[in-house]
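Enquirer:
Numbering (the UniProt record's numbering), first residue to last: 1 to 385.
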């Protein structure tokens, strides 16, 4: 009996040890998925590392020449309404992809060849670009720069009897930032050194002229910023309706920098008079002329993600060639008697403005293009200098 008792005791001890060993092994195994009927519900895995980086363009070198802009624009306007309409941004992007983003003589020849083949019905832009390396990048980049500049619009003009009439047009609906009839000088100064406050490159384009020269909205948009900045003096920041472009106009006139009634939140139409040239800025004190040369600084920032707007990774482009191109469309202005105001002579109705007002109900500034006649059919403000 004693031997049986000892045997039972040994068996119990062994069972306990086996149970403990099994439990330890099971604890080291990954847990099995939870099942509900025949559906397996996987336990969520923990994310490894930081959230994946957002996929958007981080940098753009806008190297499109004046000649290329003109050539692509002409192809677009001339083929508008045809079976094979050639979009100028697509044509520029295709040419850039074939020429590494450069626009020398060969690129212009390629552009001619592409245009001719499409117009002759030999091919289409889709066929040319379907497997073209970097085409998508160049299209997104150039669309961010030029996307709001060409399209349909209504423009006032004088008929043969001298009456002001509205004409429906297709073509360039962006304007030079300097009103027609006012002289200015400029050169390609993008990237030159600036030292006020801290050393930095000049990230805009300076147009030298006379105090009080009317400054024009290049593209339709809404006023995002209005007021004093120690670098830019009296300045205006206008955002394009698609949010991709931020137009910056700086060093406006002392005492009377802005068009009467202009305020943050206003919608403006391309060609509107928005302010007046001066030389304010480089001062923490407001309304100070501390810049030697009278000029307009205008800059263009590209925004593919809102995190870029005021950051160390802002994308400002060289506007010199673009300024040359926009010279072909200058807004005519007339002096308002017994005031410092100028008003545009011929108003424009931009569908982009009408759409924005329908969606937002914002006001339009009271300041109110060449093309084919188809009638009947916030801000980081340290880029200036």
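For every residue, glycine included, the Cβ atom is placed at its ideal position computed from N, Cα and C.
Hey, residue 276 and residue 212 are a contact pair by Cβ (cut 8 Å); roughly how many whole angstroms apart?
Expert: Right, their Cβ atoms sit about 5 Å apart.
Enquirer: Tell me whether the beta-carbon of residue 259 lies closer than 8 Å to the beta-carbon of residue 219.
Expert: No, Cβ-Cβ distance for residue 259 and residue 219 is not below 8 Å.
Enquirer: Taking 7 Å as the limit between beta carbons, can you name the residues of its chain near residue 140, skipping five residues before and five after?
Expert: These residues qualify, in order along the chain: 57.
Enquirer: Mapping DSSP to helix, strand and coil, what is residue 62?
Expert: DSSP places residue 62 in coil when its eight states are reduced to three.
Enquirer: Straight-line CA distance for residue 76 to residue 135?
Expert: So the alpha carbons of these two residues sit roughly 18 Å apart.
Enquirer: When the Cα atoms are used, what is the spatial distance from residue 281 to residue 112?
Expert: If you take the alpha carbons of residue 281 and residue 112, they lie about 45 Å apart.
Enquirer: For the alpha helix (DSSP H) containing residue 304, name the first residue and the last one.
Expert: Looking at the DSSP string, residue 304 is not in any alpha helix (DSSP H), and its letter there is neither H nor E.
Enquirer: Which residues bound the alpha helix (DSSP H) around residue 139?
Expert: 135–146 is the extent of the alpha helix (DSSP H) around residue 139.
Enquirer: Is residue 393 helix, strand or coil by DSSP?
Expert: The chain is shown from 1 up to 385; residue 393 falls before or after that span and cannot be answered.
Enquirer: Please tell me whether residue 387 and residue 250 are closer than 8 Å, where the distance is taken between their beta carbons.
Expert: Since the first and last residues shown for the chain are 1 and 385, residue 387 lies out of range.
Enquirer: Using DSSP's beta-bridge definition, name the partner residues of residue 240.
Expert: DSSP output for residue 240 lists 221 as bridge partner(s).
Enquirer: Quick check on residue 165: buried or exposed, where buried means 16 or more other Cβ atoms within 10 Å of its Cβ?
Expert: Its Cβ having fewer than 16 others within 10 Å, residue 165 is exposed.
Enquirer: Do you know offhand how far residue 342's Cα is from residue 273's?
Expert: Straight-line Cα distance between these residues: approximately 7 Å.
Enquirer: Going by DSSP, what residues sit across from residue 348 in a beta bridge?
Expert: For residue 348, which the question treats as bridged, DSSP gives the partners 155.
Enquirer: From residue 44 to residue 304, what distance separates their C-alpha atoms?
Expert: Legend: pLDDT at residue 44 = 43, less than 50; position of this residue unreliable, value from coordinates given subsequently. Taking the straight line from one Cα to the other gives about 32 Å.
Enquirer: Along the alpha helix (DSSP H) that carries residue 96, what are the first and last residues, could you check?
Expert: Looking at the DSSP string, the run of the alpha helix (DSSP H) that includes residue 96 is 88–98.
Enquirer: State the DSSP-derived secondary structure class of residue 2, mapped to helix, strand or coil.
Expert: With a pLDDT of only 42 at residue 2, under the threshold of 50, the placement of this residue in the model should not be trusted; the figure read from the coordinates follows. Of the three classes helix, strand and coil, the one that applies to residue 2 here is helix, per DSSP.
Enquirer: According to DSSP, simplified to helix, strand and coil, what is residue 247?
Expert: The answer is strand: DSSP assigns residue 247 an E or B state.
Enquirer: Checking the sheet assignment: what are the DSSP bridge partners for residue 258?
Expert: In the DSSP output, where bridge partners are listed per residue, residue 258 has 275.
Enquirer: Any contact of the region 57–67 with the region 301–316, i.e. 3+ C-beta pairs under 8 Å?
Expert: Short answer: they touch.
Enquirer: Between which two residues does the alpha helix (DSSP H) holding residue 105 run?
Expert: Run containing residue 105: 105–119, per the alpha helix (DSSP H) assignment.
Enquirer: Under the DSSP definition of a beta bridge, which residues are partnered with residue 206?
Expert: Residue 206 is bridged to 297.
Enquirer: Since residue 215 contacts residue 252 with CB under 8 Å, what's their CB separation in whole angstroms?
Expert: That belief holds up - the Cβ atoms of residue 215 and residue 252 are roughly 7 Å apart, short of 8 Å.
Enquirer: By DSSP, does residue 46 sit in helix, in strand, or in coil?
Expert: Its pLDDT being 42, under 50, residue 46 is placed unreliably in this model, and the value from its coordinates should be taken loosely. Residue 46: coil per DSSP, three-state reduction.
Enquirer: Let me make sure I understand the geometry here. Which of 189, 347, 87, 203 has the alpha-carbon closest to that of residue 142?
Expert: Residue 87 is the option with its Cα nearest to residue 142.
Enquirer: Verify whether the separation of the beta carbon atoms of residue 64 and residue 92 is less than 8 Å.
Expert: Against a cut-off of 8 Å, the Cβ pair of residue 92 and residue 64 comes out as a contact.
Enquirer: At what residues does the alpha helix (DSSP H) containing residue 326 begin and finish?
Expert: 320–326 is the extent of the alpha helix (DSSP H) around residue 326.
Enquirer: For residue 25, count neighbouring Cβ atoms within 10 angstroms of its own Cβ and tell me buried if that reaches 16, exposed if not.
Expert: Caution applies to residue 25, whose pLDDT of 49 falls short of 50 and renders its modelled position unreliable; the value that the coordinates give is listed next. Exposed: under 16 other Cβ atoms inside 10 Å.
Enquirer: Would you identify the three-state DSSP class for residue 85, choosing helix, strand or coil?
Expert: Reduced to three states, the DSSP call for residue 85 is coil.
Enquirer: Would DSSP call residue 199 helix, strand or coil?
Expert: Reduced to three states, the DSSP call for residue 199 is coil.
Enquirer: Grab me the residues of residue 254's own chain with a C-beta within less than 7 Å of its C-beta, minus the 5 sequence neighbours each way, in chain order.
Expert: The answer, listed in chain order, is 278, 280, 287, 289.
Enquirer: Just how far apart, CA to CA, sit residue 138 and residue 145?
Expert: Taking the straight line joining both Cα atoms gives about 11 Å.
Enquirer: Quick one: using the 10 Å Cβ neighbour count with 16 as the cut-off for buried, is residue 150 buried or exposed?
Expert: Its Cβ being crowded by 16 or more others within 10 Å, residue 150 is buried.
Enquirer: Since residue 211 is in the alpha helix (DSSP H), which residue starts that stretch and which ends it?
Expert: Looking at the DSSP string, residue 211 is not in any alpha helix (DSSP H), and its letter there is neither H nor E.
Enquirer: Measuring CB to CB, does residue 320 end up less than 8 Å from residue 332?
Expert: Not in contact: residue 320 and residue 332 (Cβ atoms no closer than 8 Å).
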